[in-house]
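Asker: Sequential numbering from 7 applies to the sequence shown in my numbering.
The beta carbon of each residue, even a glycine, is placed where N, CA and C say it ideally should be.
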Amino acid sequence: MKKILGLFAAVLLLAACGTEKKTFKQAQLAASKGNFTQAIQIYSRLIKRNPNHYAALINRGVLWERLPVKDAKERAKNRSYAEADYLRAIEVNPAVAEPYNNLGALYVDTGRNADAVVYLSEAIARSPKYFTALMNRAIAYYRQGRTTAALQDFNSALKLRDDEPLLFLNRGLAYFDSGMYDAALDDFSYLIHLRPNDARAYLERARVFIRMGYPANAYADLEEAVSIKPTYALAYYYMGDLLFRKGETDQALGMLVRSKELANQYVPTYELMGDMLALEDPVSATANYMVAKKLDPKNARRYDAKIRLMRTEEGRERVLANRFFPR
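#1: First and last residue of the alpha helix (DSSP H) that includes Ser265?
#2: Once you ignore the five residues that flank Ala269 on each side, which residues in its own chain have a CB closer than 6 Å to its CB?
#3: Excluding the 5 residues preceding and the 5 following Val123 in the sequence, name in chain order all residues of the same chain whose CB lies nearer than 8 Å to its CB.
#4: Once the 5 residues before and after Gly12 are set aside, which same chain residues still bring their CB inside 8 Å of it?
#5: Going along the chain, which residues of its own chain have a beta-carbon closer than 7 Å to the beta-carbon of Lys165, five neighbours each way excluded?
#6: Which of helix, strand or coil does DSSP assign to Gly67?
#7: For Arg211, count neighbouring C-beta atoms within 10 Å of its own C-beta (all shown protein chains included) and say buried if the count is 16 or more, exposed if not.
#8: With DSSP as the reference, label Lys79 as helix, strand or coil.
#9: Output yes or no for whether 9 Å exceeds the beta carbon distance between Leu209 and Ala241.
#10: According to DSSP, is Gly151 helix, strand or coil?
#11: Would the stretch 77-88 and the stretch 56-65 be scored as touching if the rule is three or more Cβ pairs under 8 Å?
#12: Relative to the alpha-carbon of Ala298, which residue among Ala222, Pro274, Gln32 has its alpha-carbon at the smallest distance?
#13: Run the CB neighbour count on Ala311, radius 10 Å, all protein chains shown included, and call it buried at 16 or more, exposed below.
#14: Have a look at Ala78 and Tyr309 and give me their C-alpha separation to the nearest angstrom.
#15: Under DSSP, the alpha helix (DSSP H) around Val273 begins and ends at which residues?
#16: Whole angstroms is fine: what's the gap from Gly260's alpha carbon to Thr237's?
#17: In chain order, what residues of the same chain lie with their CB nearer than 6 Å to the CB of Asn203, ignoring the 5 residues before and after it?
#18: CB-CB under 7 Å to Lys36, same chain, minus the five flanking residues each way: which ones, in chain order?
#19: Out of Ala327, Arg167, Ala82, which has the shortest C-alpha to C-alpha gap to Gly117?
#20: Note down the Cα distance separating Pro303 from Met141, rounded to an integer number of angstroms.
#21: What three-state label does DSSP hand Phe215 in the structure shown?
#22: With distances taken between CB atoms, is the gap from Pro221 to Arg251 smaller than 9 Å?
#23: Taking Cβ to Cβ, would you say Ala139 is nearer than 9 Å to Ile130?
#24: How many angstroms separate the CA atom of Ile198 from the CA atom of Ala226?
#25: Go ahead and pull the three-state DSSP assignment for Arg55.
#26: Where does Glu97 sit, in a helix, a strand or coil, going by DSSP?
#27: Measuring straight from C-alpha to C-alpha, what distance separates Val98 and Tyr60?
#28: With H, G and I counted as helix, E and B as strand and the rest as coil, what does DSSP make of Asn223?
#29: Starting from Val102, trace the alpha helix (DSSP H) both ways and give me its first and last residue.
#30: So the alpha helix (DSSP H) Thr29 belongs to, where does it begin and stop?
#31: From what residue to what residue does the alpha helix (DSSP H) around Gly178 run?
#32: I need the DSSP call for Asn41, collapsed to helix, strand or coil.
#33: I need the DSSP call for Glu286, collapsed to helix, strand or coil.
#34: Could you tell me how far apart the beta carbons of Gly246 and Leu278 are, in whole angstroms, since I believe they sit closer than 8 Å?
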């Protein structure tokens with residue numbers, strides 16, 4: 007499965023048949039050893055000899071997506087090649103579900119969620135119990151903000167497989183965004199049961215505990231997350247927030263410093279630190295807002311507003327109250 011907000015879409019490598027089997031197996035062997043470029047070249051020879059070689063088209067498409075890249079431009083180019091292969095595979099064999107799923111998964115990865123839903127729906131129409139396609143369409147719906155539809159697909163997928171960790175992670179996120187915190191808590195707790203050494207699972211459950219008003223439980227989960235993954239910047243971010251709300255300012259700021267060291271491009275850390283420092287050190291608060299503005303120019307107006315509020319005590323108190331003591 008591939009990454010989507012923490013989320014993955016899946017593709018399928020197919021087997022070959024007929025007289026080209028030996029060459030096809032050479033391509034598969036190269037791919038299994040991580041020699042993706044060589045495998046692509048072999049599949050390309052097969053496709054040149056037989057433009058309707060369905061399995062070679064599917065597998066080459068998958069490898070175009072897996073091929074290591076040097077920059078975003080090269081990744082976009084490779085994805086366009088993969089898209090072309092999947093579309094051609096659909097032309098060759100329109101009755102089979104897999105290329106629709108693979109193309110839909112590609113569109114999820116590239117943010118084309120409406121297109122993803124179209125092709126994943128085609129996959130499901132051809133194979134109603136296609137677990138991976140249901141998962142992928144749920145992710146596409148989720149990214150569109152169609153949480154009810156996403157949950158329906160996640161629940162349908164669960165009837166087919168009840169042991170897939172990514173299902174519980176993604177459904178838990180959908181429940182969380184819908185304000186269904188008890189259900190989210192159940193999913194993340196079961197995810198921890200399935201993956202007791204998964205730091206992400208503890209962090210997500212901590213976020214639920216925070217929303218439910220259980221800061222001690224949240225902090226315990228965050229401590230577990232950083233014990234599993236000491237470089238988990240986001241966990242330190244949430245720990246800093248919780249500590250500040252307890253009145254432990256120095257420890258809270260220390261957590262945010264650590265978060266910055268691990269992820270110096272993560273904008274919310276700078277804004278949170280600015281809000282923490284607003285009353286006691288408006289100069290440092292302003293410096294943090296300026297960094298946030300530089301990293302996140304689309305929200306420049308919000309940071310500029312906070313910078314202006316640093317000029318008066320009333321403004322500084324407003325920033326602190328709005329963040330930590332909202333009415």
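Answerer: In short, the structure shows the following:
#1: Counting from one through the sequence shown, the residue named residue 265 turns up at place 259. 255-268 is the span of the alpha helix (DSSP H), which, as asked, contains Ser265.
#2: As a position in the sequence shown, residue 269 is number 263, starting the count at 1. Excluding positions up to five away in sequence, the list reads Ala239.
#3: Locating residue 123 in the sequence shown gives position 117, where the first residue counts as 1. So the qualifying residues of the chain are Gly110, Arg143, Ala146, Tyr147, Gln150.
#4: For the purposes of this step, residue 12 is taken as the residue at position 6 of the sequence shown. Residue confidence is low: Gly12 scores 30 on pLDDT, short of 50, so the model does not pin down where it sits. No coordinate-derived value is stated.
#5: Along the sequence shown, one-based indexing puts residue 165 at 159. Taken in chain order, the list of residues that qualify is empty.
#6: Locating residue 67 in the sequence shown gives position 61, where the first residue counts as 1. Looking at Gly67 - three-state DSSP - the assignment turns out to be helix.
#7: The residue you call residue 211 lines up with position 205 of the sequence shown. So Arg211 ends up on the buried side.
#8: Residue 79 sits at position 73 when you count from the first residue of the sequence shown. Looking at Lys79 - three-state DSSP - the assignment turns out to be helix.
#9: Locating residue 209 in the sequence shown gives position 203, counting from the first residue. Locating residue 241 in the sequence shown gives position 235, counting from the first residue. Judged by beta-carbon spacing, Ala241 lies within the 9 Å limit of Leu209, meaning their Cβ atoms are closer than that value.
#10: Counting from 1 along the sequence shown, the entry for residue 151 is found at position 145. Gly151: coil per DSSP, three-state reduction.
#11: Verdict: no, contact absent.
#12: Here residue 298 refers to the residue found at position 292 when the sequence shown is read from its first residue. The shortest C-alpha separation from Ala298 is found at Pro274.
#13: As a working note, residue 311 is residue 305 in the sequence shown. Exposed: under 16 other Cβ atoms inside 10 Å.
#14: Position 72 of the sequence shown, counting from 1, holds the residue named residue 78. Position 303 of the sequence shown, counting from 1, holds the residue named residue 309. The alpha-carbon separation between Ala78 and Tyr309 amounts to approximately 29 Å.
#15: The sequence position of residue 273 within the sequence shown is 267, counting from 1. Per DSSP, Val273 belongs to the alpha helix (DSSP H) from 273-283.
#16: Position 254 of the sequence shown, counted from the start, is the residue given in the question as residue 260. Position 231 of the sequence shown, counted from the start, is the residue given in the question as residue 237. Each residue's alpha carbon lies about 14 Å from the other.
#17: Within the sequence shown, numbered from 1, the residue matching residue 203 stands at position 197. Excluding positions up to five away in sequence, the list reads Ile234.
#18: Locating residue 36 in the sequence shown gives position 30, counting from the first residue. Here residue 36 turns out to be Ala, not Lys, going by the sequence shown. If we look at Ala36 and ignore the five residues flanking it on each side, its Cβ neighbours are Gln44, Ala45, Ile48.
#19: Counting from 1 along the sequence shown, the entry for residue 117 is found at position 111. Nearest of Ala327, Arg167, Ala82 to Gly117, Cα basis: Ala82.
#20: Reading the sequence shown from its first residue, position 297 is the one you call residue 303. Reading the sequence shown from its first residue, position 135 is the one you call residue 141. Spanning the two alpha carbons is a distance of roughly 34 Å.
#21: Taking the first residue of the sequence shown as position 1, residue 215 is located at position 209. In the structure shown, Phe215 sits in a helix (DSSP, three-state: H, G or I).
#22: Here residue 221 corresponds to residue number 215 of the sequence shown, with the count starting at 1. Here residue 251 corresponds to residue number 245 of the sequence shown, with the count starting at 1. Cβ distance < 9 Å, so Pro221 and Arg251 count as in contact.
#23: Locating residue 139 in the sequence shown gives position 133, counting from the first residue. Locating residue 130 in the sequence shown gives position 124, counting from the first residue. A contact, by the Cβ cut-off of 9 Å.
#24: The residue you call residue 198 lines up with position 192 of the sequence shown. The residue you call residue 226 lines up with position 220 of the sequence shown. For Ile198 and Ala226, the distance between alpha carbons rounds to 14 Å.
#25: On the sequence shown, position 49 is the one that residue 55 refers to. Note: Arg55 maps to helix in three-state DSSP.
#26: Counting from one through the sequence shown, the residue named residue 97 turns up at place 91. Here Glu97 sits in helix by DSSP.
#27: For this step, residue 98 is matched to residue 92 along the sequence shown. For this step, residue 60 is matched to residue 54 along the sequence shown. Distance between the alpha carbons of Val98 and Tyr60 is about 6 Å.
#28: Translated into the one-based positions of the sequence shown, residue 223 becomes position 217. Helix, per DSSP.
#29: Residue mapping note: residue 102 aligns to position 96 of the sequence shown, counting from 1. Val102 -> no alpha helix (DSSP H), and no H or E assigned at all.
#30: Taking the sequence shown and counting its residues from 1, the one referred to as residue 29 is at position 23. Segment 27-38, the alpha helix (DSSP H) holding Thr29.
#31: Start at 1 with the first residue of the sequence shown, and residue 178 comes out as number 172. Run containing Gly178: 171-183, per the alpha helix (DSSP H) assignment.
#32: Start at 1 with the first residue of the sequence shown, and residue 41 comes out as number 35. Looking at Asn41 - three-state DSSP - the assignment turns out to be coil, as it is neither helix nor strand.
#33: Here residue 286 is taken as the residue at index 280 of the sequence shown, counted from 1. Reduced to three states, the DSSP call for Glu286 is coil.
#34: Mapped onto the sequence shown, residue 246 falls at position 240. Mapped onto the sequence shown, residue 278 falls at position 272. Gly246 to Leu278, Cβ: 7 Å. Contact.
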